[in-house]
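Only one structure is covered here, and it is reproduced in the block below.
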Amino acid sequence: MRPTLTEDIANSYAAIALGHVEREWPNRPDQTMAGPQHVRTPSELHPVFYGSYDWHSCVHSYWMLARLLRRFPRMARAGEIRALFDRRLVAASIAVECAYLADPGELGFKRPYGWAWMLKLATELRALPEPRWAEALAPLAAIFADRFRGFLPVATYPVRVGTHFNTAFGLRMAADFASATQDDALMALLRETALRWYGQDTDCPAWGEPGGDDFQSSALIEAECMRRLLPPARFLPWFDRFLPRLARAEPATLFQPATVTDRSDGKIAHLDGLNLSRAWCWNALAAALPAGDARWPLLDDAAARHLAAGLPHLSGDYMGEHWLASFAVLALEAGLADA
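Numbering (UniProt numbering), first residue to last: 1 to 339.
Structure representation (structure tokens):
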């Protein structure tokens, strides 16, 4: 039976995130320093997203908390989540985050992974009945939406790695924001870029997977990106060309969960995330198949096996604990709704 997100699970995941979104140390900043005036603590630089070891993990942990609050508004941790949002998602603190991005040296800050997660967070906050948090975050989300608009037309080539720099992931998450805000121009840009980068891809070998520090499948996130951005009549023929031997469970490497040997090593611990993000993609792609498609059991089984490999390891070592639960929620919610 496919695992589902229950209220008890939501509470346990919320407890994990609440334990680190305001934990400042240890911290891995991503900052361009032009002089001694830039030497400041993480919480001075980022009064909202200073925890969770790094800025982008803090952002997607806030996304997870917003998602869990929307799904289970009366769960035991709901009050703590609302209090956190009231404490951190306020105009004055968001203004400091925006000011940081105004520095010319930070034009590429967290591109595209952090950009994508910020828009995903903004999308989720918009769906909550309390509008104040989405309204407070809106100026920051607008900056990153504008950065997508400026970057995509000049990005000649996609980035196909299995880490933060993967461009298919960025497009896929930004699509939810474009849809929620009814920004047809942004959605058209995302779709046109996806077709320009990936539209002619065929017979994907997935030969480089998994890499030693991957937390995304470059093959599957590309397919999930195209699923999100194309209507079924265009996506399904593309998908058939992209992974033509899927009915034979090939490429075999995509069906085999990754082995994780040292969860205290931040890079090796990424592989737990790979198992979870593959499960997310497999679940979403399976849901997109037409009724009766013979490939569905293979995709469903692959998702289940990857989930089983990743779900037991969401906590225990901070190298995974500060971010993995977000990807578990993506995997458990895949195929139910895009936003």
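Quick reminder that beta carbons are idealized off the backbone N, C-alpha and C, glycines included.
Integer Cβ distance of residue i from residue j, believed to fall under 8 Å
i, j, result
"Ile94", "Pro139", "6 Å"
"Cys204", "Leu171", "That pair is no contact at about 17 Å."
"Phe235", "Arg227", "5 Å"
"Ala83", "Glu124", "Not a contact, Cβ separation roughly 18 Å."
DSSP state of residue i mapped onto helix, strand, coil
i, result
"Ala95", "helix"
"Met64", "helix"
"Ala339", "At Ala339 the pLDDT is 45, less than 50, meaning the model places this residue with poor confidence and gives no usable figure here."
"Gln216", "coil"
"Arg88", "helix"
"Lys110", "coil"
"Phe148", "helix"
"Pro237", "helix"
"Glu209", "coil"
"Ala194", "helix"
"Tyr50", "coil"
"Tyr157", "coil"
"His20", "coil"
"Cys225", "helix"
Host alpha helix (DSSP H) of residue i (start-end)
i, result
"Pro297", "Trp296 to Gly310"
"residue 364", "Outside the shown range of the chain (1 to 339) lies residue 364, about which nothing can therefore be said."
"Tyr113", "Tyr113 to Arg126"
"Phe327", "Leu324 to Glu333"
"Ala279", "Gly266 to Ala288"
"Glu130", "Counting along the chain, Glu130 falls outside any alpha helix (DSSP H), and DSSP gives it neither H nor E."
Distance, residue j Cα to residue i Cα
i, j, result
"Trp207", "Ala136", "44 Å"
"residue 340", "Ser61", "There is no way to answer for residue 340, as the model of the chain reaches only from 1 to 339."
"Pro210", "Arg278", "11 Å"
"Leu45", "Asp213", "28 Å"
"Arg305", "Leu311", "10 Å"
"Asp184", "Asp317", "42 Å"
"Gly51", "His20", "6 Å"
"Arg263", "Leu324", "12 Å"
"Asp103", "Met118", "18 Å"
"Trp115", "Phe177", "11 Å"
"Gly79", "Arg88", "14 Å"
"Trp197", "Phe109", "22 Å"
"Glu130", "Ala223", "34 Å"
"Ala175", "Val159", "18 Å"
"Ala328", "His322", "12 Å"
Closest residue to residue i among the options (Cα-Cα distance)
i, options, result
"Tyr100", "Asp30, Tyr113 and Ala145", "Asp30"
"Phe165", "Arg71, Trp197 and Arg111", "Arg111"
"Leu5", "Ala142, Met64 and Arg147", "Met64"
"Glu7", "Cys281, Phe72 and Gly273", "Phe72"
"residue 344", "Val161, Thr156, Arg191 and Tyr157", "For residue 344 there is no data in the structure shown, the boundaries of the chain being 1 and 339."
"Asp96", "Pro47, Ala233 and Leu18", "The sequence shown places Val at residue 96, rather than the Asp named in the question. Among Pro47, Ala233 and Leu18, the Cα nearest to that of Val96 is on Pro47."
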